[in-house]
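These notes concern the structure reproduced below.
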Amino acid sequence: MRKIHECAEDIKNILNDAERTEEVDGDMLCSINELVDEILSIYCLEKQQRKMAIAEENEILSEEAKKAGWKSGVMNI
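What follows is the structure, encoded as structure tokens:
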């Protein structure tokens with residue numbers, strides 16, 4: 002999967018082409034729109050992966066705390 006900065010670089014190149022030719026056509030706009038959609042998809046996927054990693058880490062820490070005798074922030078004696 003591509004990275005966000007790669008998509009942004011492609012958008013920059015399209016805009017530079019448009020500036021150089023002093024023309025923006027429908028294909029350029031469609032390309033930019035597709036790249037923006039790709040950026041949003043990558044961002045959402047990365048965000049979901051981070052949330053899953055945090056949830057997994059919290060679950061591991063919770064299990065370790067239970068094994069150590071901790072319950073609701075108070076150590077069982």
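Going by the numbering used here, the letters in the sequence shown line up with residues 2 to 78, in that order. C-beta atoms are modelled at their ideal positions from N, C-alpha and C, and glycine is treated no differently.
Burial state of C8 (16 or more Cβ within 10 Å):
Within the sequence shown, numbered from 1, the residue matching residue 8 stands at position 7. Its Cβ being crowded by 16 or more others within 10 Å, C8 is buried.
Hey, how far is the Cα of E20 from the Cα of I61?
Walking along the sequence shown from the start, residue 20 turns up at place 19. Walking along the sequence shown from the start, residue 61 turns up at place 60. In a straight line, the C-alpha of E20 is about 53 Å away from that of I61.
Just to check my reading of the structure: L36 and D18 have Cβ atoms closer than 8 Å, yes? What is that Cβ distance to the nearest angstrom?
The sequence position of residue 36 within the sequence shown is 35, counting from 1. The sequence position of residue 18 within the sequence shown is 17, counting from 1. L36 to D18, Cβ: 13 Å. No contact.
Taking 8 Å as the cut-off, decide whether the C-beta atoms of I33 and I5 are in contact.
Numbered from its first residue, the sequence shown carries residue 33 at position 32. Numbered from its first residue, the sequence shown carries residue 5 at position 4. It is not a contact, given that the beta carbons lie outside the stated cut-off.
In whole angstroms, give me the CA-to-CA distance for A69 and S63.
Mapped onto the sequence shown, residue 69 falls at position 68. Mapped onto the sequence shown, residue 63 falls at position 62. The alpha-carbon atoms of A69 and S63 are separated by roughly 10 Å.
Ends of the alpha helix (DSSP H) at G27?
As a first step, residue 27 must be located in the sequence shown, where it is residue number 26. Note, G27: alpha helix (DSSP H), G27 to K68.
What residues in its chain sit with their C-beta under 8 Å from that of R3, if we drop five residues either side in the sequence?
In the sequence shown, counting from the first residue as 1, residue 3 sits at position 2. Short of 8 Å from the beta carbon of R3, and not among the five residues preceding or following it, lie these beta carbons of its own chain, in chain order: E39 and I43.
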